[in-house]
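*Asks:* These protein sequence lines are chains B and U, in that order.
Residue 15 in the working numbering is what sits at position 21 of the first sequence, and the numbering runs on without skipping anything.
Residue 145 in the working numbering is what sits at position 77 of the second sequence, and the numbering runs on without skipping anything.
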Amino acid sequence: MLLEKYMLCDEGFHNLFDEHGETRGFQFLMRSTYYRSVRLSLIEGLTVKVDGKEYRREQIRLTTREGTFSLDEMTTMPELYWEFGEKAVVTVLEQDGLGRGNNEPYRKLDVTLNLRVSYAFKGFSASVCKLVRQEC
Amino acid sequence: MKTCVSLYSLQEMFYLGKLDFEGCVAAVSASGAQGIEILPEMNCCKQYKNPTPAFVETWKGWMEKYHLEPVCLDIFPDYKLYANRFLTLREQLEMFRSNVEFGKKLGFSIIRGLRATSLYFLEQALPLLEEYDVSMGIELHSPTRLSDPYFGKLFELIERTGTRRLGLVLDLSIFTNHAPGVLVRQEVRKGARQVVADYVCEQYDKRTPQDEIERGIRQMGGTPKDFALLKAVAHSCYEEPTNLTQSIVDKIKLVHAKSYEVDENDRDTCIDCETVIPMLASKGYTGYISTEYEGQRFFHDPECGPFEVDEVEQLNRHQRMLKRLIAGTNSNR
């Protein structure tokens, strides 16, 4: 266990809308739980499930102070960091967002982060499942 | 011996933004330490490659203002930067040069490396350590023991080349004489049974071999959570302090005084500093001993709730303990 109770933030979990008010995805805030800032190219995986529904790798974007990138884009970015303690925005591009008409106040968010840490044979992995309040 | 603090000790406050970089430096100074150790990728990653002159000036200003000596820079061998290949030796040396140069600009004289650094790489890196006039210590940390083959070969390399640039960062986690209470309590919160926790602690103190403890737990009807507790405790080890030979002590560049918990009487509850520090002094160790408080991570399970351990208080207690132990030796004459 390392910083895991701080990984998924209580605020910032909501649908994402386009200029016409249509849902185009959802977002939440998370911190990395590894004890160094993370070189973006070390992010091997970031999996997201909401109430058990898992999204595809291609649907995921990560926004840090360095910008917004897909997981594939980050594989070539060793010089850019997701800073230690920095709350990054995870965006999941999904036409239906968090589900039309689903107004449950709390949703089960299940997130796994895998990092390719050179000195650790299996790398670094953190997995947290938490009920997070869905903002309007 | 002089005392130092690694900013690893204040990681939670820094992570949560309760202390900024300067705030951490100030807390180290207030603890009474004379030196500081940092993890650039924790504390100042954006400056790690090509620090700006303004950043270097600010850092030097802090060292003067807070009366601290930059002691050790913790670096990591990131040879798996890309998913599809390892870095070549030349790329690794370039990265290493950049890391060492950063340390040198900030005034650090010791580089802390990891056991994952190949001995072949270290030999290739020796001229670079000479060029920058710094030393490098490879960290020896539990459950790795003093008899570990990697360190045997490292010692051979040091003797064969006659270099004074390479050595050891000795982490006192190898002298864990009681199972860390904070760790055991965390495993109990996660579902291990108290009766098993008590049994494991008792057997750890008796230095019972792990497979025997495992058999004992099985006889108690061990659950997966009970065995998870044993696995967590088995990361600790107790090396006989007498195994610290003169030849090993002579190769120590820095001592990491790992700590999981210091009680209100300024005593470490599980690491045998009371024996080891006088022993280091008796063998002529005069370098820095650096507090590396790591107990906070045992309060990071969701079951623990919002409780935050007071890292600054733990750090202050640990520094008072180190100063008491050092004062009790004759090494400062």
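A virtual CB, placed ideally from N, CA and C, is assigned to each residue, including glycine.
What residues in the segment 70 to 104 of chain B have a beta carbon less than 8 Å from any beta carbon of chain U?
*Replies:* Under the 8 Å Cβ criterion, the segment 70 to 104 of chain B contributes Thr70, Pro72, Glu73, Tyr75, Glu77, Phe78 and Gly79.
*Asks:* Using a Cβ-Cβ cut-off of less than 7 Å, give me the residues of the segment 49 to 72 of chain B that come near chain U, in sequence order.
*Replies:* Thr69 and Pro72
*Asks:* Measure the beta-carbon distance from Leu197 of chain U to Arg233 of chain U and round it to whole angstroms, keeping in mind my assumption that it falls under 8 Å.
*Replies:* 4 Å
*Asks:* Answer with buried or exposed for Tyr188 of chain U, where buried requires no fewer than 16 other C-beta atoms within 10 angstroms of its C-beta.
*Replies:* exposed
*Asks:* Got a sec? Which residues, its chain only, sit under 6 Å from Leu74 of chain B by beta carbon, not counting five neighbours each side?
*Replies:* Same-chain partners within the cutoff: Leu34 and Glu60.
*Asks:* Quick check on Tyr83 of chain U - is its C-beta less than 7 Å from some C-beta in chain B?
*Replies:* yes
*Asks:* Quick one: does Gly153 of chain U have its CB under 7 Å from some CB of chain B?
*Replies:* Note on residue identity: the sequence assigns Arg, not Gly, to residue 153 of chain U. Closer than 7 Å: no.
*Asks:* So Phe170 of chain U packs on Tyr116 of chain U, CB below 8 Å; how close in whole Å?
*Replies:* The pair is a contact, with the Cβ atoms about 6 Å apart (cut-off 8 Å).
*Asks:* Starting from the C-beta of Asn400 of chain U, find all residues in its chain whose C-beta is less than 6 Å away, skip the five residues before and the five after it, and write them out in chain order.
*Replies:* Annotation note: pLDDT 47 at Asn400 of chain U (below 50); position unreliable, no value reported.
*Asks:* With a threshold of 8 Å, are at least 3 pairs of Cβ atoms found where one atom belongs to the segment 48 to 62 of chain B and the other to the segment 73 to 89 of chain B?
*Replies:* yes
*Asks:* Tell me whether Asp142 of chain U is buried or exposed, calling it buried when 16 or more other Cβ atoms sit within 10 Å of its Cβ.
*Replies:* By the neighbour-count rule (16 or more Cβ atoms within 10 Å), Asp142 of chain U is buried.
*Asks:* Excluding the 5 residues flanking Val250 of chain U on each side, which residues of the same chain have their C-beta closer than 6 Å to its C-beta?
*Replies:* Tyr328, Glu329, Gly363 and Phe366
*Asks:* Considering only the alpha carbon of each residue, which of U:Leu174, U:Val168 and U:Ser215 lies closest to Gly205 of chain U?
*Replies:* U:Val168
*Asks:* Of all the residues that make up the segment 194 to 223 of chain U, which are near chain B by a beta-carbon distance shorter than 8 Å?
*Replies:* Those residues of the segment 194 to 223 of chain U that come within reach of chain B (Cβ to Cβ, closer than 8 Å) do not exist; the list is empty.
*Asks:* Could one say the Cβ of Arg401 of chain U lies closer than 7 Å to chain B's Cβ atoms, at least one of them?
*Replies:* With a pLDDT of 45 at Arg401 of chain U, under the threshold of 50, the modelled position of this residue cannot be trusted; read the value that follows with caution. So, not an interface residue.
*Asks:* Mark Leu174 of chain U as exposed unless 16 or more other C-beta atoms lie within 10 angstroms of its C-beta, in which case mark it buried.
*Replies:* Burial call: buried.
*Asks:* For Ile316 of chain U, tell me which candidate among U:Gly396, U:Glu379, U:Glu224 and U:Met389 has the shortest Cα-Cα distance.
*Replies:* U:Glu224
*Asks:* Following the continuous alpha helix (DSSP H) through Val263 of chain U, name the residue where it begins and the one where it ends.
*Replies:* Counting along the chain, the alpha helix (DSSP H) containing Val263 of chain U begins and ends at Gln262 to Asp273.
*Asks:* Taking C-beta pairs closer than 7 Å, name the residues in chain U that Leu(-4) of chain B reaches, listed in chain order.
*Replies:* Arg365 and His368
*Asks:* Looking only at DSSP bridge pairs, what is Thr62 of chain B linked to?
*Replies:* B:Thr57
*Asks:* For Gln192 of chain U, collect the residues of the same chain with a Cβ closer than 7 Å to its Cβ; drop the 5 residues on either side in sequence, then sort them by chain order.
*Replies:* Leu157 and Leu161
*Asks:* Does the structure place the segment 99 to 113 of chain B close enough to the segment 41 to 50 of chain B that three or more beta carbon pairs sit under 8 Å?
*Replies:* Contact holds: three or more Cβ-Cβ distances are below 8 Å.
*Asks:* Which chain U residues sit within Cβ distance under 8 Å of Ser121 of chain B?
*Replies:* Residues of chain U passing the Cβ test: none, with the nearest at roughly 11 Å.
*Asks:* If we ignore side chains and look at the alpha-carbon of each, how far apart do Arg286 of chain U and Leu297 of chain U end up?
*Replies:* Their backbone Cα atoms lie some 13 Å apart in a straight line.
*Asks:* Under a Cβ-count criterion, where at least 16 other Cβ atoms within 10 Å of its own Cβ denotes burial, should Glu52 of chain B be classed as buried or exposed?
*Replies:* The residue in question, Glu52 of chain B, is exposed, as its Cβ has fewer than 16 Cβ neighbours within 10 Å.
*Asks:* Measuring CB atoms only, is the segment 288 to 306 of chain U touching the segment 251 to 269 of chain U, in the sense that at least three cross pairs come out at less than 8 Å?
*Replies:* yes
*Asks:* So, helix, strand or coil for Pro195 of chain U, using DSSP?
*Replies:* helix
*Asks:* Rounded to whole angstroms, what is the Cα-Cα separation between Ile242 of chain U and Cys130 of chain B?
*Replies:* 52 Å
*Asks:* Near Gly259 of chain U, which residues of its chain fall below 7 Å by C-beta distance, leaving aside the five closest residues on each side in sequence?
*Replies:* Lys293
*Asks:* Cβ closer than 9 Å: which chain U residues qualify as neighbours of Glu38 of chain B?
*Replies:* Ala151
*Asks:* Leaving out five residues on either side along the sequence, give the residues of the same chain with a beta carbon under 6 Å from the beta carbon of Gln278 of chain U.
*Replies:* Ala302
*Asks:* In terms of alpha-carbon separation, which member of U:Asn111, U:Thr310, U:Asn333 and U:Asp239 lies closest to Met389 of chain U?
*Replies:* The option with the nearest alpha carbon to Met389 of chain U is U:Asn333.
*Asks:* Can you list, in chain order, the stretches of the alpha helix (DSSP H) that have 4 or more residues and sit fully within the segment 7 to 84 of chain B?
*Replies:* 65 to 68
*Asks:* Since Ser166 of chain U and Thr244 of chain U should fall inside the 8 Å C-beta cutoff, what is the C-beta to C-beta distance between them, to a whole number of angstroms?
*Replies:* Between Ser166 of chain U and Thr244 of chain U a beta carbon distance of about 35 Å is seen, past the 8 Å cut, so the two are scored as non-contacting.
*Asks:* Roughly how many angstroms separate the alpha carbons of His209 of chain U and Met68 of chain B, rounded to a whole number?
*Replies:* 32 Å
*Asks:* Strictly by DSSP, which residues pair up with Gly91 of chain U?
*Replies:* Beta-bridge pairing links Gly91 of chain U to no other residue.
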